[in-house]
Amino acid sequence: MSNWIKVCQLDEIPPAQARTVKAGDVMIAVFRLTGDRVKAVENRCPHKHGPLAEGIISGDDILCPLHNWRIHLEDGQVAAPDKGCVKTYPTKIENGVVFLDF
Amino acid sequence: MNDKKKLVMIGNGMAGVRAIEEILKANPDMFDITIFGAERYPNYNRIMLSPVLAGDTTVEDIILNEEQWYTDNHITLHLGKRIKEIQRGYKQVIAEDGTKAKYDNLIIATGSNPFIIPIPGHDKEGVMAFRDIDDCDAMVEAAKKYKKAAVIGGGLLGLEAAKGLLNLGMEATVIHDQATLMNMQLDSIAGDMLRADLEKQGMLFKTSTLTTEVLGEKRVTGLKFKDGSNLDCDLLIMAVGIRPNMALAKDCGLFCNRGIVVNDYMQTVTDSSIYTVGECAEHRGIAYGLVAPLFEQAKVLAHMITGQGLKAYEGSVVSTKLKISGVDVFSAGDFMGTPGVDMIELMDKVGGVYKKIILEDDKIKGLVMFGDTADGPTFFQWMQDGKDVSEQRSTMLFSASGLGDSGHSGIDLAAEMADDTVVCGCNGVTKKDVVDSIVKGGLTTRKEITACTKAAGSCGGCAGLVDQLLASTLGTAFVESEHDPICACTDLNHEQVKEQIKTKKLTLVREIMSVLGWKGEGCQVCRPAINYYIGMMWPEDSQDDRSSRIANEKMHANIQKDGTFSVIPRIYGGETTPDELMKIATVAKKYNVPTVKITGGQRIDLLGVKKEDLAPMWKDLGMNCGYAYGKALRTVKTCVGSNWCRFGTQDSTSLGIHLEKELDRIWFPAKVKLAVSGCPRNCAEATIKDVGIVGVEGGWEISTGGNGGVHVVATELLCIVHTTQEVEEITKAYLQHYRETGRHNERSAPWQKRVGLESIKAIVVDDLNNRKALVARLHLYVAQQDTDPWAERVADAEKGYQQFSEYKQIVIPIEVELS
Numbered sequence: 001m002s003n004w005i006k007v008c009q010l011d012e013i014p015p016a017q018a019r020t021v022k023a024g025d026v027m028i029a030v031f032r033l034t035g036d037r038v039k040a041v042e043n044r045c046p047h048k049h050g051p052l053a054e055g056i057i058s059g060d061d062i063l064c065p066l067h068n069w070r071i072h073l074e075d076g077q078v079a080a081p082d083k084g085c086v087k088t089y090p091t092k093i094e095n096g097v098v099f100l101d102f
Numbered sequence: 103m104n105d106k107k108k109l110v111m112i113g114n115g116m117a118g119v120r121a122i123e124e125i126l127k128a129n130p131d132m133f134d135i136t137i138f139g140a141e142r143y144p145n146y147n148r149i150m151l152s153p154v155l156a157g158d159t160t161v162e163d164i165i166l167n168e169e170q171w172y173t174d175n176h177i178t179l180h181l182g183k184r185i186k187e188i189q190r191g192y193k194q195v196i197a198e199d200g201t202k203a204k205y206d207n208l209i210i211a212t213g214s215n216p217f218i219i220p221i222p223g224h225d226k227e228g229v230m231a232f233r234d235i236d237d238c239d240a241m242v243e244a245a246k247k248y249k250k251a252a253v254i255g256g257g258l259l260g261l262e263a264a265k266g267l268l269n270l271g272m273e274a275t276v277i278h279d280q281a282t283l284m285n286m287q288l289d290s291i292a293g294d295m296l297r298a299d300l301e302k303q304g305m306l307f308k309t310s311t312l313t314t315e316v317l318g319e320k321r322v323t324g325l326k327f328k329d330g331s332n333l334d335c336d337l338l339i340m341a342v343g344i345r346p347n348m349a350l351a352k353d354c355g356l357f358c359n360r361g362i363v364v365n366d367y368m369q370t371v372t373d374s375s376i377y378t379v380g381e382c383a384e385h386r387g388i389a390y391g392l393v394a395p396l397f398e399q400a401k402v403l404a405h406m407i408t409g410q411g412l413k414a415y416e417g418s419v420v421s422t423k424l425k426i427s428g429v430d431v432f433s434a435g436d437f438m439g440t441p442g443v444d445m446i447e448l449m450d451k452v453g454g455v456y457k458k459i460i461l462e463d464d465k466i467k468g469l470v471m472f473g474d475t476a477d478g479p480t481f482f483q484w485m486q487d488g489k490d491v492s493e494q495r496s497t498m499l500f501s502a503s504g505l506g507d508s509g510h511s512g513i514d515l516a517a518e519m520a521d522d523t524v525v526c527g528c529n530g531v532t533k534k535d536v537v538d539s540i541v542k543g544g545l546t547t548r549k550e551i552t553a554c555t556k557a558a559g560s561c562g563g564c565a566g567l568v569d570q571l572l573a574s575t576l577g578t579a580f581v582e583s584e585h586d587p588i589c590a591c592t593d594l595n596h597e598q599v600k601e602q603i604k605t606k607k608l609t610l611v612r613e614i615m616s617v618l619g620w621k622g623e624g625c626q627v628c629r630p631a632i633n634y635y636i637g638m639m640w641p642e643d644s645q646d647d648r649s650s651r652i653a654n655e656k657m658h659a660n661i662q663k664d665g666t667f668s669v670i671p672r673i674y675g676g677e678t679t680p681d682e683l684m685k686i687a688t689v690a691k692k693y694n695v696p697t698v699k700i701t702g703g704q705r706i707d708l709l710g711v712k713k714e715d716l717a718p719m720w721k722d723l724g725m726n727c728g729y730a731y732g733k734a735l736r737t738v739k740t741c742v743g744s745n746w747c748r749f750g751t752q753d754s755t756s757l758g759i760h761l762e763k764e765l766d767r768i769w770f771p772a773k774v775k776l777a778v779s780g781c782p783r784n785c786a787e788a789t790i791k792d793v794g795i796v797g798v799e800g801g802w803e804i805s806t807g808g809n810g811g812v813h814v815v816a817t818e819l820l821c822i823v824h825t826t827q828e829v830e831e832i833t834k835a836y837l838q839h840y841r842e843t844g845r846h847n848e849r850s851a852p853w854q855k856r857v858g859l860e861s862i863k864a865i866v867v868d869d870l871n872n873r874k875a876l877v878a879r880l881h882l883y884v885a886q887q888d889t890d891p892w893a894e895r896v897a898d899a900e901k902g903y904q905q906f907s908e909y910k911q912i913v914i915p916i917e918v919e920l921s
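Same order as they appear, the protein sequences are chains A and B.
For reference, each letter of the first sequence is one residue, going 1 to 102 in the working numbering.
For reference, each letter of the second sequence is one residue, going 103 to 921 in the working numbering.
Now the structure itself:
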């Protein structure tokens with residue numbers, strides 16, 4: 001069952017950048033990609049737990065700021081040669097408001 | 103019904119299987135593949151047979167493709183089945199045991215056969231070649247029973263065979279028909295050095311000797327030579343060369359010359375459905391015997407057979423880089439030279455190093471290197487590029503480049519290293535990882551290796567070593583070219599991108615990527631580079647693109663391993679006051695800073711600061727941002743100078759403080775560190791900085807391009823001046839010249855090496871007008887950087903982070919269940 005929770009206005013995330021969202025004990029990175037698409041993953045790189053929200057967005061990937069691991073935001077999979085994955089959260093935008101599904 | 107095309111390959115060796123790998127890479131579903139191999143082993147690395155014979159490695163270790171690989175890729179593998187006939191009319195091949203296979207496309211990859219000299223007695227027992235695993239096994243067996251071995255052929259293979267036999271406890275004599283060992287690769291001096299080295303290891307030689315007969319009843323007992331003398335032996339290895347194996351091709355009417363003749367797409371000229379690759383193929387008159395060209399051929403073949411488009415093979419220029427019994431040898435081009443030819447030589451008989459370069463009009467025509475081959479690949483590249491080496495010729499034999507770890511030590515570290523030695527300390531990549539990626543992954547450039555293994559992907563300190571591993575693994579030179587593209591997102595290099603930004607007056611990162619045809623949306627390499635170039639070239643008309651800043655430069659704080667940040671305020675020239683120290687201490691206490699550290703750059707680092715605390719902390723500090731995280735001026739290190747020091751000749755502290763204030767807030771291609779020492783004792787360690795200034799009686803020495811990091815580089819003297827005004831002006835001109843011509847992420851040391859100290863001197867010291875123009879451009883830029891980034895963010899924070907929202911997290915008041 002979906003559990004859509006309002007996060008923020010889309011405008012509160014600068015284009016091609018991210019915001020960190022704290023929900024309970026979990027830190028989530030919410031990215032605003034080209035074409036005003038929004039993706040959300042746990043803000044914790046599977047490698048050395050780098051804060052993904054501070055990384056550079058490259059297309060639909062995020063590059064971890066600590067050691068440049070490349071993580072695909074769609075499915076949370078880490079790009080080779082590294083291995084791993086991060087938890088992803090479904091997102092939607094309605095009337096300029098960003099929602100996350102928990 | 104299966105509609106895949108049928109692909110049959112005869113031969114299961116390195117070149118052929120590489121072609122299959124390339125085909126699978128290009129189109130995994132196009133063919134049903136069947137491979138026939140005459141040997142009973144899956145594809146193995148033939149180059150590594152000598153270490154197997156020498157007992158340094160095992161057969162299992164040199165297998166490149168396990169049988170599982172064939173299964174995984176749905177390849178039908180027939181081992182130990184020799185094809186006896188190709189029936190081109192029926193489009194099928196028949197093996198000796200009657201197995202038949204139909205094909206739509208056929209690849210002949212039958213390699214070559216060892217050449218046995220047809221002298222009387224060559225078919226006696228105990229006479230053999232050294233070509234495959236079975237030969238290897240036979241030699242090991244023979245060594246158990248017999249004691250005296252002879253090897254005919256003083257080329258690479260012969261010497262390796264003899265070395266292996268020595269290791270197996272046999273006496274080994276090499277018989278060579280020429281005076282010089284390895285005369286195809288070495289001149290007489292290098293050949294003699296090699297001989298002396300091998301003699302020390304116990305090898306015996308008979309050079310300039312022709313063998314006329316193999317003696318013995320059933321088994322070989324000795325050799326008879328042309329000069330009438332004899333040699334006793336009970337094992338004879340013939341290692342006089344290879345001949346392309348083209349019997350099958352000839353029998354079915356394919357045109358053969360020295361090998362099976364192919365066009366530039368590796369198709370046989372007779373039948374376009376049949377391809378050939380490897381040692382059996384003759385391309386434009388040459389049948390190659392080295393791995394690298396064969397791998398290139400394999401790529402072209404795969405391109406053509408899968409209909410990917412036109413990629414032609416145009417032949418290869420080859421160099422030889424070898425290691426024979428622990429001795430490194432490199433040669434390329436016309437290394438013999440003719441009498442009176444222009445050449446430079448370096449000879450160290452005791453140290454066992456010899457280098458010779460043949461030049462024509464200051465361009466390299468050929469080279470031989472013995473003992474120290476570290477620069478071989480670089481010289482080879484220069485030779486191919488037709489580079490004018492008039493500036494390098496006086497020093498190049500000492501070191502071409504100072505490139506990488508090995509450039510310093512002058513020995514080829516790469517080949518010496520054990521497999522488990524860590525090559526890339528940043529990412530924990532071992533030599534074996536790198537070599538595997540080259541051999542099994544088929545990689546041929548450092549960029550590919552970095553993408554695949556991460557080696558040389560972080561600090562880059564091991565880049566030279568990775569290049570050497572490439573060269574020593576493939577046996578041919580591969581050197582990153584100066585003109586490589588910035589990254590995989592574009593085909594353009596730094597200079598081309600800068601040129602476009604300038605001529606088209608492009609001021610937005612996104613605009614540049616779309617105008618210049620970027621693939622994708624850029625990455626952490628190209629976007630920060632473009633952002634820097636725009637800001638440097640159009641200071642008045644551009645805006646910093648924060649989405650193209652790496653975390654540190656975006657946050658104006660240094661991200662640490664746990665995701666917290668460190669805060670380092672400017673302490674100009676490293677000189678502080680009790681009030682300032684108390685302020686720092688108060689702030690550290692208030693925000694529970696877990697670690698306070700004095701840095702190497704004479705300032706104070708507050709570590710472990712939470713992102714939310716950054717702005718409030720900066721506000722409380724009320725000090726300027728120290729840029730300790732960015733490609734900017736870090737510190738100006740100073741000694742106490744003449745104000746206090748009894749040896750001090752100049753007031754270094756005041757000058758250092760002044761320079762740091764003048765150069766604050768400037769982005770550079772890479773980080774920049776300065777130091778000012780008050781006297782030649784140089785307590786501020788100015789000679790390993792980007793700009794080092796040392797006070798002398800009546801003036802200052804300015805030296806530049808130093809680095810104390812991965813590779814220690816001492817500065818080179820730029821000039822000596824009398825006044826601090828001149829120091830300031832020349833330092834500014836130098837740094838602006840670096841800003842304008844440096845590549846993003848290129849420190850001043852490699853930049854200075856690249857553009858040359860003399861040209862820098864001419865521009866920033868000798869040409870007064872140009873110097874002033876450089877300084878004026880720097881001042882124009884500085885005028886735009888009028889606010890401290892911390893102050894700017896503190897002001898924004900008080901308005902609720904309107905502009906810099908990345909500092910403030912959004913809190914959703916719910917409990918989330920962790921899955």
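Even for Gly, the Cβ is constructed at its ideal location relative to N, Cα and C.
Chain A within 7 angstroms of residue i, Cβ atoms only
i	result
residue 653/B	yes
residue 821/B	no
residue 661/B	yes
residue 626/B	yes
residue 649/B	yes
residue 507/B	The predicted model places residue 507/B with a pLDDT of 37, which falls under 50 and marks its position as unreliable, so this point remains unresolved.
residue 399/B	no
residue 554/B	yes
Contact with chain B by residue i, beta-carbon distance below 7 angstroms
i	result
residue 9/A	no
residue 77/A	no
residue 19/A	yes
residue 84/A	no
residue 68/A	yes
Cross-chain neighbours of residue i in chain E, by beta carbon under 8 angstroms
i	result
residue 719/B	The question asks about chain E, but that chain is absent: this structure's protein chains are A and B.
Among the options, nearest to residue i - alpha-carbon criterion
i	options	result
residue 395/B	556/B, 576/B and 638/B	576/B
residue 164/B	732/B, 175/B, 152/B and 170/B	152/B
residue 86/A	43/A, 93/A, 53/A and 100/A	43/A
residue 169/B	570/B, 196/B, 139/B and 399/B	139/B
residue 34/A	59/A, 22/A and 47/A	59/A
Backbone secondary structure at residue i - three-state DSSP
i	result
residue 668/B	strand
residue 505/B	Confidence at residue 505/B is low in this model, with a pLDDT of 39, below 50, so the placement of that residue is unreliable and no value is reported for it.
residue 346/B	strand
residue 545/B	coil
residue 266/B	helix
residue 838/B	helix
residue 467/B	strand
residue 580/B	In this prediction, residue 580/B scores a pLDDT of 45, lower than 50, which makes its location untrustworthy; the coordinate-derived value is nonetheless stated afterwards. Residue 580/B: coil per DSSP, three-state reduction.
Supposed contact pair residue j and residue i - C-beta distance, whole angstroms, cut 8 angstroms
i	j	result
residue 872/B	residue 865/B	6 angstroms
residue 536/B	residue 571/B	5 angstroms
residue 372/B	residue 350/B	The Cβ separation is near 13 angstroms, so there is no contact.
residue 729/B	residue 715/B	Contact doesn't hold; Cβ gap of about 19 angstroms is too wide.
residue 925/B	residue 814/B	Residue 925/B is absent from the structure shown; chain B starts at 103 and stops at 921.
- [ ] Below 8 angstroms between beta carbons is the criterion; list the residues of the stretch 889-907 of chain B that meet it against any residue of chain A, in chain order.
- [x] 907
- [ ] Please name the residues in the stretch 839-852 of chain B whose beta-carbon is closer than 9 angstroms to at least one beta-carbon of chain A, in chain order.
- [x] none
Open item on the list: Residues of the stretch 43-58 of chain A in Cβ contact with chain B at a cutoff of 8 angstroms, in chain order, please.
Closed with: 48, 49, 50, 51, 53, 54, 55, 56, 57 and 58
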